[in-house]
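Same order as they appear, the protein sequences are chains A, B, C and D.
Each residue of the first sequence is one higher than the one before, counting from 115 in our numbering.
Each residue of the second sequence is one higher than the one before, counting from 115 in our numbering.
Each residue of the third sequence is one higher than the one before, counting from 115 in our numbering.
Each residue of the fourth sequence is one higher than the one before, counting from 115 in our numbering.
One structure is given below, encoded as structure tokens.
Protein chains: 4
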Amino acid sequence: MLQRSTCHSERSEESNPYSSKIMLIKQLSIFLENKRGRFTEIANILGDAGINMTAFTVAENSDFGILRIIVSDPDKAKEILREARFAVSVTDVVCLQCPNVPGSLAKAMNIITAAGIFIEYMYAFSVGQAALVVIRPDNLEKCIEVLTQNKLELLAASELYKL
Amino acid sequence: MLQRSTCHSERSEESNPYSSKIMLIKQLSIFLENKRGRFTEIANILGDAGINMTAFTVAENSDFGILRIIVSDPDKAKEILREARFAVSVTDVVCLQCPNVPGSLAKAMNIITAAGIFIEYMYAFSVGQAALVVIRPDNLEKCIEVLTQNKLELLAASELYKL
Amino acid sequence: MLQRSTCHSERSEESNPYSSKIMLIKQLSIFLENKRGRFTEIANILGDAGINMTAFTVAENSDFGILRIIVSDPDKAKEILREARFAVSVTDVVCLQCPNVPGSLAKAMNIITAAGIFIEYMYAFSVGQAALVVIRPDNLEKCIEVLTQNKLELLAASELYKL
Amino acid sequence: MLQRSTCHSERSEESNPYSSKIMLIKQLSIFLENKRGRFTEIANILGDAGINMTAFTVAENSDFGILRIIVSDPDKAKEILREARFAVSVTDVVCLQCPNVPGSLAKAMNIITAAGIFIEYMYAFSVGQAALVVIRPDNLEKCIEVLTQNKLELLAASELYKL
Numbered sequence: 115m116l117q118r119s120t121c122h123s124e125r126s127e128e129s130n131p132y133s134s135k136i137m138l139i140k141q142l143s144i145f146l147e148n149k150r151g152r153f154t155e156i157a158n159i160l161g162d163a164g165i166n167m168t169a170f171t172v173a174e175n176s177d178f179g180i181l182r183i184i185v186s187d188p189d190k191a192k193e194i195l196r197e198a199r200f201a202v203s204v205t206d207v208v209c210l211q212c213p214n215v216p217g218s219l220a221k222a223m224n225i226i227t228a229a230g231i232f233i234e235y236m237y238a239f240s241v242g243q244a245a246l247v248v249i250r251p252d253n254l255e256k257c258i259e260v261l262t263q264n265k266l267e268l269l270a271a272s273e274l275y276k277l
Numbered sequence: 115m116l117q118r119s120t121c122h123s124e125r126s127e128e129s130n131p132y133s134s135k136i137m138l139i140k141q142l143s144i145f146l147e148n149k150r151g152r153f154t155e156i157a158n159i160l161g162d163a164g165i166n167m168t169a170f171t172v173a174e175n176s177d178f179g180i181l182r183i184i185v186s187d188p189d190k191a192k193e194i195l196r197e198a199r200f201a202v203s204v205t206d207v208v209c210l211q212c213p214n215v216p217g218s219l220a221k222a223m224n225i226i227t228a229a230g231i232f233i234e235y236m237y238a239f240s241v242g243q244a245a246l247v248v249i250r251p252d253n254l255e256k257c258i259e260v261l262t263q264n265k266l267e268l269l270a271a272s273e274l275y276k277l
Numbered sequence: 115m116l117q118r119s120t121c122h123s124e125r126s127e128e129s130n131p132y133s134s135k136i137m138l139i140k141q142l143s144i145f146l147e148n149k150r151g152r153f154t155e156i157a158n159i160l161g162d163a164g165i166n167m168t169a170f171t172v173a174e175n176s177d178f179g180i181l182r183i184i185v186s187d188p189d190k191a192k193e194i195l196r197e198a199r200f201a202v203s204v205t206d207v208v209c210l211q212c213p214n215v216p217g218s219l220a221k222a223m224n225i226i227t228a229a230g231i232f233i234e235y236m237y238a239f240s241v242g243q244a245a246l247v248v249i250r251p252d253n254l255e256k257c258i259e260v261l262t263q264n265k266l267e268l269l270a271a272s273e274l275y276k277l
Numbered sequence: 115m116l117q118r119s120t121c122h123s124e125r126s127e128e129s130n131p132y133s134s135k136i137m138l139i140k141q142l143s144i145f146l147e148n149k150r151g152r153f154t155e156i157a158n159i160l161g162d163a164g165i166n167m168t169a170f171t172v173a174e175n176s177d178f179g180i181l182r183i184i185v186s187d188p189d190k191a192k193e194i195l196r197e198a199r200f201a202v203s204v205t206d207v208v209c210l211q212c213p214n215v216p217g218s219l220a221k222a223m224n225i226i227t228a229a230g231i232f233i234e235y236m237y238a239f240s241v242g243q244a245a246l247v248v249i250r251p252d253n254l255e256k257c258i259e260v261l262t263q264n265k266l267e268l269l270a271a272s273e274l275y276k277l
């Protein structure tokens with residue numbers, strides 16, 4: 115089940131000047147030099163190592179793909195994928211948790227837009243009562259700041275990796 | 115909660131020559147001619163109309179984005195977005211549901227790869243005990259066929275739109 | 115033939131505070147909602163209107179394409195393409211002209227990198243003794259400034275559109 | 115100057131069952147895991163090795179780029195870039211040469227579309243009296259066949275690499 119940040123933990127983080135660090139999620143980006151079969155290989159490598167995939171999306175063109183992935187253990191995943199000679203890089207993202215009702219994502223987007231934050235890309239899924247949104251903003255610190263100020267729920271790395 | 119296809123319904127669908135039609139999910143693709151603000155506008159339009167977003171991802175380059183989205187009512191969403199002068203098109207995809215344990219997606223990927231099916235792109239999220247994977251294969255009929263033959267769980271449109 | 119900026123014109127432009135405006139080239143970006151046939155339609159529309167294409171490239175993914183194009187008359191092209199119901203937007207780019215010898219582009223790239231300028235994308239072609247490079251930097255003014263300071267040849271809009 | 119295929123050479127190639135092989139151009143695709151500085155590094159490596167770039171384009175998203183490039187010596191370029199630890203792959207493309215007049219590209223595109231050929235992506239530049247178009251079709255053999263049957267000028271690898 116989703117482990118939601120409670121009001122208590124949010125308040126304590128707001129008083130912590132380093133709280134935004136806690137909210138940064140490490141996304142791995144992996145180059146797929148052909149789309150046929152390479153993703154399967156990655157799924158096998160991570161599955162064999164007991165690493166779970168929380169979310170992923172493939173940004174593709176005709177020839178290639180870039181797999182963007184959130185996993186249960188990003189440091190270990192990066193290491194074993196590099197050992198298997200994949201080109202892997204790490205990007206910080208934020209993960210927003212919304213109630214799964216019409217309009218709840220719109221509310222978050224309005225806050226982000228009003229703050230002048232630019233979203234490079236994002237991807238999301240909703241299941242049951244919750245929606246999770248992975249966001250890559252141009253300004254991570256500010257994005258975390260305005261979302262938490264407006265009482266939106268961000269997942270901490272420790273929570274997300276356990277989903 | 116996720117409404118899973120039971121063994122019963124799967125069996126009855128296998129004997130139905132039109133079952134693959136039931137399993138096709140309509141994904142909307144919407145052109146975002148700039149990334150700042152346009153997604154927010156879409157979220158507002160859909161939220162105001164009571165349409166829920168089940169999953170989405172943005173395929174982007176430096177200037178533009180293409181929003182790929184699964185919504186609770188794709189026909190209505192297409193209509194109101196076109197009225198708001200968005201360029202919208204419809205693509206059929208399949209939605210696979212896996213148990214949220216390491217290796218379960220790898221199993222599905224191995225089946226797809228072994229069948230010679232090419233995945234144009236995909237995106238996925240896992241929450242709680244389930245992972246949902248939206249797949250755009252080059253051969254939709256064959257993809258549905260091999261996944262159902264191998265007892266993997268595909269979501270019917272009627273189920274997915276309700277998530 | 116290429117009409118090169120002579121030293122004279124470059125010097126006079128350096129003393130002109132508005133010179134960078136002269137060097138901005140208008141690139142059209144056109145959404146191709148499917149890749150089959152739509153580009154042909156654009157080529158026909160522009161050809162019928164007597165508009166020449168100086169350079170173009172297609173940034174694509176599996177479903178869609180974005181045509182980036184430099185034409186002889188960008189304002190007229192934008193107008194007639196919009197009349198034909200294409201989604202068209204205008205982006206400013208710079209066009210660098212290098213001698214067509216190994217290392218000449220590297221020299222320009224080193225200047226741009228050393229100045230901390232980020233290139234969003236670019237495309238280039240060389241024919242005969244010259245290479246033309248269309249560049250979309252994150253900072254257009256600065257890019258024009260460092261390239262002209264280093265005696266690299268930028269094409270003015272009036273020259274490029276006539277190529 | 116451009117070395118055009120003369121009518122003589124075209125005719126002899128048409129009677130040669132291996133002619134389409136001659137017309138295949140090797141495009142290198144190189145993964146740029148960040149867009150800042152990596153292209154400059156490639157330009158330096160190729161420049162130092164005396165390898166010329168005939169054409170290139172960058173297919174990019176927010177994080178990454180894929181450099182598609184035509185060079186004077188693709189085999190050597192691939193080797194030295196791999197030595198420098200770049201991820202490089204080779205894709206066959208065709209290079210069409212058109213007169214640089216409005217409508218000439220439209221004519222070629224109409225032939226390709228009428229033959230049911232799908233263009234994955236393409237990029238082009240015109241200088242002086244000629245336009246060069248690099249095309250990645252889904253069916254290379256057929257694309258070469260219909261273009262040569264319709265008396266359009268394709269550049270042989272031996273010519274293009276010398277441009």
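Backbone N, C-alpha and C fix where the C-beta goes; we use that ideal spot for every residue, glycine too.
DSSP state of B/Val260, grouped into three classes?
Walking along the second sequence from the start, residue 260 of chain B turns up at place 146. Correct three-state label for B/Val260: helix.
Can you round the beta-carbon distance between B/Ile184 and B/Ile139 to whole angstroms, since I take them to be within the 8 Å contact cut?
Numbered from 1 along the second sequence, position 70 holds the residue referred to as residue 184 of chain B. Numbered from 1 along the second sequence, position 25 holds the residue referred to as residue 139 of chain B. Right, their Cβ atoms sit about 6 Å apart.
Using the C-alpha atoms, what's the distance from C/Lys190 back to C/Cys162?
Position 48 of the third sequence holds residue 162 of chain C. Position 76 of the third sequence holds residue 190 of chain C. Note that residue 162 of chain C is Asp in the sequence shown here, rather than Cys. Using only the alpha carbons, I get a separation of about 12 Å.
If we cut at 9 Å on Cβ distances, does C/Tyr237 have a partner in chain B?
Taking the first residue of the third sequence as position 1, residue 237 of chain C is located at position 123. No - not a single Cβ of chain B is within 9 Å of the one on C/Tyr237.
Since C/Ile144 and C/Leu195 are thought to touch, with beta carbons under 8 Å apart, how far apart are those beta carbons, to the nearest angstrom?
The residue you call residue 144 of chain C lines up with position 30 of the third sequence. The residue you call residue 195 of chain C lines up with position 81 of the third sequence. Going by Cβ atoms, the distance from C/Ile144 to C/Leu195 rounds to 6 Å, so yes, they are a contact pair.
What are the partner residues of A/Gly179, as DSSP defines its beta bridges?
Locating residue 179 of chain A in the first sequence gives position 65, counting from the first residue. Beta-bridge pairing links A/Gly179 to A/Leu146 and A/Glu174.
Considering only C-alpha positions, which residue in the set C/Asn224, C/Val247, C/Glu259 and C/Arg250 is nearest to D/Arg152?
Taking the fourth sequence and counting its residues from 1, one reaches residue 152 of chain D at position 38. Selected option, being the one with the closest Cα: C/Asn224.
Determine the DSSP secondary structure at B/Asp206, reduced to helix, strand or coil.
Against the second sequence, residue 206 of chain B aligns to sequence position 92. Reduced to three states, the DSSP call for B/Asp206 is strand.
Considering just the uninterrupted stretch of the alpha helix (DSSP H) at C/Leu246, what are its terminal residues?
Here residue 246 of chain C is taken as the residue at index 132 of the third sequence, counted from 1. Run containing C/Leu246: none in the alpha helix (DSSP H); it sits in the beta strand (DSSP E), Ala244 to Pro251.
Bridge partners for A/Ala238 per DSSP, in chain order?
For the purposes of this step, residue 238 of chain A is identified with residue 124 of the first sequence, where counting begins at 1. Answer by DSSP bridge pairing, in chain order: A/Val247 and B/Phe170.
Using a Cβ cut-off of 9 Å (strictly closer), state whether B/Asn224 contacts chain C.
Taking the first residue of the second sequence as position 1, residue 224 of chain B is located at position 110. So no, B/Asn224 is outside the interface.
Tell whether a beta-carbon distance below 9 Å holds between D/Asn166 and C/Ser240.
One-based indexing of the fourth sequence puts residue 166 of chain D at position 52. One-based indexing of the third sequence puts residue 240 of chain C at position 126. Yes.
Please report the Cβ distance between C/Ile231 and C/Ala198, rounded to the nearest whole angstrom; I am assuming they are in contact, meaning their Cβ atoms lie under 8 Å.
To locate residue 231 of chain C, count along the third sequence from 1; it is residue 117. To locate residue 198 of chain C, count along the third sequence from 1; it is residue 84. Not a contact, Cβ separation roughly 36 Å.
Distance check for D/Asn148 and C/Asn214, CA to CA, integer angstroms please.
Numbered from its first residue, the third sequence carries residue 214 of chain C at position 100. Numbered from its first residue, the fourth sequence carries residue 148 of chain D at position 34. Cα to Cα, C/Asn214 sits roughly 26 Å from D/Asn148.
What residue does the alpha helix (DSSP H) around C/Ala157 start on, and which one ends it?
Sequence index remark: in the third sequence, residue 157 of chain C carries index 43 (1-based). C/Ala157 -> alpha helix (DSSP H) spans Arg152 to Asp162.
What is the residue span of the alpha helix (DSSP H) that D/Leu269 lies within?
For the purposes of this step, residue 269 of chain D is taken as residue 155 along the fourth sequence, with counting starting at 1. It is not in any alpha helix (DSSP H) - D/Leu269 carries neither H nor E in the DSSP assignment.
Which residue marks the beginning of the alpha helix (DSSP H) containing A/Pro188, and which one marks its end?
By 1-based counting over the first sequence, the position of residue 188 of chain A is 74. A/Pro188 -> alpha helix (DSSP H) spans Pro188 to Glu197.
Is the CB of A/Glu174 under 9 Å away from at least one CB in chain B?
Counted from its first residue, the first sequence places residue 174 of chain A at position 60. Chain B contact via Cβ: present.
A/Ser143 CB to nearest chain D CB: under 9 Å?
Working through the first sequence from its first residue, we reach residue 143 of chain A at position 29. Output row for A/Ser143: interface = yes.
Quick one: grab the DSSP three-state call for B/Ile165.
Taking the second sequence and counting its residues from 1, the one referred to as residue 165 of chain B is at position 51. DSSP places B/Ile165 in coil when its eight states are reduced to three.
Could you list the residues in the segment 145-173 of chain B with a C-beta less than 7 Å from some C-beta on chain C, going in chain order?
The segment 145-173 of chain B vs chain C, Cβ under 7 Å: Phe145, Glu147 and Ala173.
Between B/Glu197 and chain A, is there a C-beta pair that is closer than 9 Å?
On the second sequence, position 83 is the one that residue 197 of chain B refers to. Closer than 9 Å: no.
Give a yes or no on whether 9 Å exceeds the smallest Cβ distance from B/Glu234 to chain A.
By one-based count along the second sequence, residue 234 of chain B stands at place 120. Yes, B/Glu234 lies at the interface with chain A (some Cβ there is under 9 Å from its Cβ).
Helix or strand or just coil, what does DSSP make of A/Ile139?
Reading the first sequence from its first residue, position 25 is the one you call residue 139 of chain A. Strand, per DSSP.
For C/Ser272, count the other beta carbons within 10 Å of its own beta carbon; 16 or more makes it buried, fewer makes it exposed. Which is it?
The residue you call residue 272 of chain C lines up with position 158 of the third sequence. Flag for C/Ser272 reads exposed.
Any idea what DSSP makes of D/Ile226, helix, strand or coil?
For this step, residue 226 of chain D is matched to residue 112 along the fourth sequence. Helix at D/Ile226.
In or out: A/Gln141 buried (at least 16 other Cβ within 10 Å) or exposed?
Taking the first residue of the first sequence as position 1, residue 141 of chain A is located at position 27. It counts as buried.
Just the Cα atoms here: how many angstroms apart are D/Ser186 and C/Ile226?
Against the fourth sequence, residue 186 of chain D aligns to sequence position 72. Against the third sequence, residue 226 of chain C aligns to sequence position 112. Those two C-alpha atoms are separated by around 24 Å.
Looking only at its chain, what residues have a beta carbon closer than 8 Å to the beta carbon of B/Val247, apart from the 5 residues adjacent to it on each side?
For the purposes of this step, residue 247 of chain B is taken as residue 133 along the second sequence, with counting starting at 1. Cβ neighbours of B/Val247 beyond the five flanking positions: Cys209, Leu210, Gln211, Cys212, Leu219, Ala222, Met236, Tyr237 and Ala238.
At the 9 Å Cβ level, is D/Thr227 part of the contact set with chain C, yes or no?
On the fourth sequence, position 113 is the one that residue 227 of chain D refers to. True, the Cβ-Cβ gap to chain C drops below 9 Å.
Can you check which of these residues, A/Ile156, A/Phe170 and A/Lys256, is closest to A/Ala228 by C-alpha distance?
If you number the first sequence from 1, residue 228 of chain A lands on position 114. For A/Ala228, the nearest C-alpha among the options comes from A/Lys256.
Interface residues of chain B around C/Ile249 at Cβ under 7 Å?
As a working mapping, residue 249 of chain C is identified with position 135 in the third sequence. Chain B residues near C/Ile249: none, gap ~12 Å exceeds 7 Å.
From this set, A/Ile156, A/Thr171 and A/Val207, which residue's C-alpha is nearest A/Ile258's C-alpha?
Against the first sequence, residue 258 of chain A aligns to sequence position 144. The shortest C-alpha separation from A/Ile258 is found at A/Val207.
Using 8 Å as the cut-off, classify the Cβ of C/Arg250 as near or not near the heavy atoms of the ligand MG, replying yes or no.
As presented, the structure is devoid of all ligands, the ligand MG included, so that no description of it is given.
Around the C-beta of A/Val204, are 16 or more other C-beta atoms found within 10 angstroms, so that it is buried, or is it exposed?
Start at 1 with the first residue of the first sequence, and residue 204 of chain A comes out as number 90. So A/Val204 ends up on the exposed side.
So, is C/Glu174 buried or exposed, given that buried needs 16 or more other C-beta atoms within 10 angstroms?
Numbered from 1 along the third sequence, position 60 holds the residue referred to as residue 174 of chain C. With 16 or more other Cβ atoms within 10 Å, it is buried.
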